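**Q** Mind looking over this structure? Questions follow.
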Amino acid sequence: RKEVEQDPGPFNVPEGATVAFNCTYSNSASQSFFWYRQDCRKEPKLLMSVYSSGNEDGRFTAQLNRASQYISLLIRDSKLSDSATYLCVVAWTYTDKLIFGTGTRLQVFP
Amino acid sequence: DVKVTQSSRYLVKRTGEKVFLECVQDMDHENMFWYRQDPGLGLRLIYFSYDVKMKEKGDIPEGYSVSREKKERFSLILESASTNQTSMYLCASSGIQGLAKNIQYFGAGTRLSVL
């Protein structure tokens, strides 16, 4: 079983749609959680950290469910510029290493 | 803004050549990382360093070595390049304190082709 699993997609959605991605992780000792965004042929960039109580940044909402070991990302009112690959990322306790999922590709069309 | 700079965007090398990939960060971060990224496999950690002259193997260290002589610089070395090392190589750095702990910042990547 992969340490961090994501549906690779692609998710093809029209502008204005709401789309949600889920991610599961295998290590219950995981302590930090993030969503990164990666545009085609570019480097990953931090989109948002994920906090236990859930958090929102504009159109983006992240949720963490420790009991079920999954993380979600909700994007409301999708824009063409949201088209990218979204990487679910987990850090284990007592380590500075990050474990990356293989990413979920989102394509927003007009 | 954090800046992580990789010395080359594109490199073409021949099988058997020694290859150096350089990475410099300007945020005084303690941790630095080298990954490779391949389609369908995601980011895989090659080596990381948590201090000057310190290094630890990641998930796929075979065929690679690293050097960290200064805090801001982390080099990846392919001793004898092989075609299966054709990939995108990404360098990252992170701090160890506060809210930014564990957040990694990436360089733009080096796309290496070994012929």
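Going down the list, the sequences are from chains Z and D.
Each residue of the first sequence is one higher than the one before, counting from 1 in our numbering.
Each residue of the second sequence is one higher than the one before, counting from 111 in our numbering.
We put the beta carbon where it would ideally sit given N, CA and C, even for glycine.
From a predicted model like this one, the values you see are computed outputs, not experimental measurements.
(1) Looking at the structure shown, is SER81 (chain Z) part of a helix, part of a strand, or coil, going by DSSP?
(2) Tell me the rounded alpha-carbon separation between SER118 (chain D) and MET164 (chain D).
(3) What separation, rounded to the nearest whole angstrom, lies between the Cα atoms of MET48 (chain Z) and SER204 (chain D)?
(4) Any beta-carbon of chain D closer than 8 Å to the one on ASP57 (chain Z)?
(5) Using a threshold of 8 Å, state whether the C-beta atoms of VAL89 (chain Z) and PHE34 (chain Z) are closer than that.
(6) Between the region 172 to 189 of chain D and chain Z, which residues of the former have CB atoms less than 8 Å from a CB of the latter, in chain order?
(7) Using a Cβ-Cβ distance cut-off of 8 Å, determine whether PHE100 (chain Z) contacts chain D.
(8) Below 9 Å on C-beta distance, what does LEU151 (chain D) contact in chain Z?
(9) Do VAL114 (chain D) and LYS123 (chain D) come within 8 Å of each other at the CB atom, strictly closer than that value?
**A** In this structure, then:
(1) In the first sequence, residue 81 (chain Z) corresponds to position 81, counting from 1. Helix at SER81 (chain Z).
(2) Counting from one through the second sequence, the residue named residue 118 (chain D) turns up at place 8. Counting from one through the second sequence, the residue named residue 164 (chain D) turns up at place 54. Their Cα atoms are separated by approximately 24 Å.
(3) Taking the first sequence and counting its residues from 1, one reaches residue 48 (chain Z) at position 48. Taking the second sequence and counting its residues from 1, one reaches residue 204 (chain D) at position 94. Approximately 15 Å between the Cα atoms of the pair.
(4) In the first sequence, the residue the question calls residue 57 (chain Z) occupies position 57. It does not: the Cβ of ASP57 (chain Z) has no partner Cβ on chain D nearer than 8 Å.
(5) Here the question's residue 89 (chain Z) lines up with position 89 in the first sequence. Here the question's residue 34 (chain Z) lines up with position 34 in the first sequence. For VAL89 (chain Z) and PHE34 (chain Z), yes; Cβs fall inside 8 Å.
(6) Taking 8 Å as the Cβ-Cβ cut-off, the region 172 to 189 of chain D has no residue approaching chain Z.
(7) By 1-based counting over the first sequence, the position of residue 100 (chain Z) is 100. Yes, contact with chain D.
(8) Translated into positions along the second sequence, residue 151 (chain D) becomes position 41. Within chain Z, the residues near LEU151 (chain D) are THR102.
(9) Sequence index remark: in the second sequence, residue 123 (chain D) carries index 13 (1-based). Sequence index remark: in the second sequence, residue 114 (chain D) carries index 4 (1-based). No, the Cβ-Cβ distance between LYS123 (chain D) and VAL114 (chain D) is not below 8 Å.
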